[in-house]
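Going line by line, the protein sequences match chains A and B.
The numbering used here puts the first residue of the first sequence at 926, with every later residue one more than the last.
The numbering used here puts the first residue of the second sequence at 26, with every later residue one more than the last.
For each residue, glycine too, the CB sits at the ideal point set by N, CA and C.
Since the model is a prediction, treat every value here as computed from it, not as a measurement.
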Amino acid sequence: MLRIKNLEAGYATLKVLRKVTMHVNPGEIVTIIGANGAGKTTLLKTVCGLLRSRDGEILFDRQDIRRLSTEEIVFRGCSLVPEGRQVFAPLSVRENLVLGANVQYRRGKQAEVKNDLNRMFGLFPRLKEREKQLAGTLSGGEQQMLAIARALMARPKLVMMDEPSMGLAPLIVRDIFGIITRLRDEGNTVLLVEQNAKAALGIADRAYVLETGRIILQGQAEDLLSNRDVQRAYLGRDLDSETDI
Amino acid sequence: MYWEPENECMERDELAQLQLERLEATLNRVYLNVPFYRKKFDELKIDIDGIRSVEEIRQLPFTTKNDLRDNYPYGLFAVPLREVVRIHASSGTTGMSTVVGYTRNDLKTWSNLVARVLTAGGITKDDVVQIAFGYGLFTGGFGIHYGAEKIGASVIPISSGNTSRQIKIMQDFKTTALICTPSYALLIADTIREMNINTSSLSLKYGLFGAEPWSESMRREIEQKLKIVATDNYGLSEVMGPGVAGECLERNGLHINEDHFLVEIINPETLEPAKPGEVGELVITTLTKEAFPVIRFRTRDLTRVISEPCPCGRKFRRMNRVMGRTDDMLIIKGVNVFPSQIEAVLFDIEGTEPHYQIIVERKGALDSVKVLVEASESIFFDEMKKQNELIELIKRRLAAELGIGVDVRLVEKKTLERSEGKAKRVVDMRKL
């Protein structure tokens, strides 16, 4: 579905992504883990056209999308749940969701929007309860749910999520990750960027480890969970205190 | 039957993407973790970020068996020893042994790749698999063992040697699949005949043979004598062990596990890439190994890559059975000669046994080759004239195949040393 080859991107003179090659197959959860500043958010921004790449290839459904506008990329079926939710605070929950479906009107599928609203309220009963409330008054976890639901309203083929666990209590994180798993089980495709490596690897099918703009490890998520480099760097296990060798 | 159809039958463009991802991650990791590679790349001023396709791997230097020896024992490991859960060493057939390590993930990958090869060779969970490869530092025994267990077959870890016991167990345990070197399979077959056991009373169906070069005629001989379907498989400890490539039941080339190994064929003299389909030295880069990745390892094995699709449905390209080793290649009177060529000629001549030895000597400044062949009893006790006729026939056929004349001697049956592991076909008496 998504195929990235030798992607290079950055800001002004700063090179953030040095060379990233990765792919996402339909129906998978793929996670990208890495420390702060490794380039995770830059990667998602580059894919959805918020940032221009300097070199490399981005194929979405076998089409080159490197030169397309963000609107066009969303229209083609690639949506982003941005870091820090970015919900429209002065608007109601319902209004946020309808705005997310904007692209459905362009596709001439406005008739489906109502159905999709109900689908979202089914998936997130909390949002149903708060349907008329202003988004800015929601809790962090509820805002995250709203951000995910808003992205799904565009009926994307691929949902990219940037740090959905950020700033949330562990119990809420569990709920959010439960929802992501459910989305996959219903046939959605998810590219998940996370600092919470343990939780992300726990639900993902495959994973990539990004370090200073390069992929240094890739594989089945369960294999990466048992990789000691990953354990040391991202799962907080201090191996050096365990043995001398 | 496939073990991992989603990989073995993946489309070529998907495979290309996966290979590039894995190659780039491997290069990043060896540069970070293996001082040997970092130093070498830095000295040659190679920026690994500049490698942007699998073809561009040609910009990187080769790794040789000598590099492995120079870094004995752990110098090329890409992880600290505490992450290594298994250590093997090469058999050292051609010098000092080299040491390789495996992480837990490496062992998992290895088992799966061996399971692919075994499945391709006809083995299922219902088989009783007799593993007559040596168990120990050699990767053959344990490598096959874990793959066979993964499939769920009943595994008999008998190891090599004690041929009459092998045969007794084969009878009593109703072995359905034999796994060993081809030369040992032949020894087992001959011993069965000598013990006057009817092969049809055995339960054997499949044989998977590897760890040494063998010929198509030898396959026919083994298949007829043991009444089995015999397939070839390939691996080497420096790269992983068995599981690198294996034949499917089409028996027409070994499918390379290309999602884990990147192969190139080079001309061993010019080191340039061989033309598509041309015979040359096999060079392998591992794409997923954690503990012991190798970049452009020169295997010394000669083969060619078969790109035509295989009717079995696997999309992985195939390699021809190994035609010989660059080390084994004899240069006699300026002509390159491989023991396998001599073997192929001998197999097709009536009156000879499939046991032979090639003695290379130096007389003055010239190399000379003498081929010792076991003659069947009937011929040996026959009159001198028939023996001479046979010798002349062999000489003529060899001259036609090799383009040079070689000396041929007939020896009595069972005078040449029998091998329970890798057969020693060439005796080099030259002091080079």
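ask   = Of the residues B/Y209, B/I176, B/K175 and B/M265, which one's Cα is nearest the Cα of B/S189?
value = B/Y209
ask   = DSSP on B/Y27, reduced to helix/strand/coil?
value = Shown here, B/Y27 sits in coil according to DSSP, grouped into three states, outside any helix or strand.
query = So is B/R141 in contact with chain A if we call contact Cβ pairs under 8 Å?
reply = no
message = Here's a check: name, in chain order, each residue in its chain whose Cβ is nearer than 8 Å to the Cβ of B/V398, leaving out the five neighbours to either side.
response = L371, T377, E378, H380, Y381, I419, V433, R434, L435 and V436
inquiry  = Taking the alpha-carbon of B/R218 as reference, which of B/S242, B/F363 and B/I247 has the nearest alpha-carbon?
reply    = B/I247
query = Straight-line CA distance for A/V1006 to B/K447?
reply = 60 Å
ask   = Whose CA, out of B/K199, B/S226 and B/N187, lies closest to the CA of B/I213?
value = B/I213 has its Cα closest to that of B/N187, out of B/K199, B/S226 and B/N187.
query = Taking C-beta to C-beta, are B/V319 and B/T123 nearer than 8 Å?
reply = no
ask   = Should B/D67 be labelled buried (16 or more other beta-carbon atoms within 10 Å of its own) or exposed?
value = exposed
message = Could you give the first and the last residue of the continuous alpha helix (DSSP H) run that contains A/P1095?
response = P1095 to D1110
Short CB-CB distance (under 8 Å) between A/D1148 and chain B = Yes, A/D1148 lies at the interface with chain B (some Cβ there is under 8 Å from its Cβ).
task = Would you mind sorting B/S225 into buried or exposed? The rule is 16 or more other CB atoms within 10 Å of its CB.
result = Counting every other CB atom within 10 Å of its CB across the protein chains shown gives B/S225 a total below 16, marking it as exposed.
A/M947 (DSSP reduced to helix, strand or coil) = Of the three classes helix, strand and coil, the one that applies to A/M947 here is strand, per DSSP.
ask   = Is the distance from the Cβ of A/V1118 to the Cβ of A/L1108 below 8 Å?
value = no
ask   = Beta carbon of A/R987, beta carbon of A/S978: below 8 Å?
value = no
Proximity winner among B/F234, B/A145 and B/E386, relative to B/L355 (alpha-carbon distances) = B/E386
task = State the DSSP-derived secondary structure class of B/K439, mapped to helix, strand or coil.
result = coil
ask   = Between which two residues does the alpha helix (DSSP H) containing B/P207 stretch?
value = P207 to E219
message = Based on DSSP bridge pairs, tell me the residues matched to A/S1151.
response = In the DSSP output, where bridge partners are listed per residue, A/S1151 has none listed.
ask   = Do the segment 296-314 of chain B and the segment 175-182 of chain B make contact, defined as three or more Cβ pairs closer than 8 Å?
value = no
query = Just how far apart, CA to CA, sit B/A29 and A/L939?
reply = For the record, residue 29 of chain B in the displayed sequence is Glu; it is not Ala. Taking the straight line from one Cα to the other gives about 42 Å.
inquiry  = With a threshold of 8 Å between beta carbons, is A/Q1143 in contact with chain D?
reply    = No chain D is part of this structure, whose protein chains are labelled A and B.
key: Backbone secondary structure at B/L229 - three-state DSSP   = coil
ask   = Under the rule that 16 or more other beta-carbon atoms within 10 Å means buried, what is B/R47, buried or exposed?
value = buried
query = Does any CB atom of chain B fall closer than 8 Å to the CB of A/N961?
reply = no
inquiry  = Cβ closer than 8 Å: which chain A residues qualify as neighbours of B/N277?
reply    = Chain A residues near B/N277: none, gap ~31 Å exceeds 8 Å.
task = Would you mind telling me which residues of chain A sit closer than 9 Å to B/G77, beta carbon to beta carbon, in chain order?
result = According to the sequence provided, residue 77 of chain B is Arg. The question's Gly does not apply to it. Under the 9 Å cutoff, chain A gives K930, N931, K944, T946, D980 and G981.
query = Does DSSP put A/I1170 in a helix, a strand or coil?
reply = Residue placement at A/I1170 cannot be trusted, given a pLDDT of 45 that sits under 50; what the coordinates show is reported in the next sentence. In this structure, A/I1170 counts as coil in the three-state DSSP scheme.
request  = Throw me the rounded Cβ distance for the A/I1141 and B/N53 pair, which I believe falls under 8 Å.
outcome  = For a cut-off of 8 Å, the C-beta gap from A/I1141 to B/N53 is around 5 Å, short enough to register as a contact.
task = Using a Cβ cut-off of 8 Å (strictly closer), state whether B/E36 contacts chain A.
result = no
inquiry  = Measuring only the C-alpha atoms, how far is A/V1023 from A/L1093?
reply    = 25 Å
ask   = In its own chain, which residues sit with a C-beta less than 7 Å from the C-beta of A/L1083, not counting the 5 before and 5 after it?
value = M926, L927, V949, G1002, C1003, T1114 and L1116
request  = Answer yes or no: does any C-beta atom of chain B fall closer than 8 Å to that of A/R1139?
outcome  = With 8 Å as the cut-off, A/R1139 counts as an interface residue toward chain B.
query = So what's B/K388 in DSSP terms, helix, strand or just coil?
reply = strand
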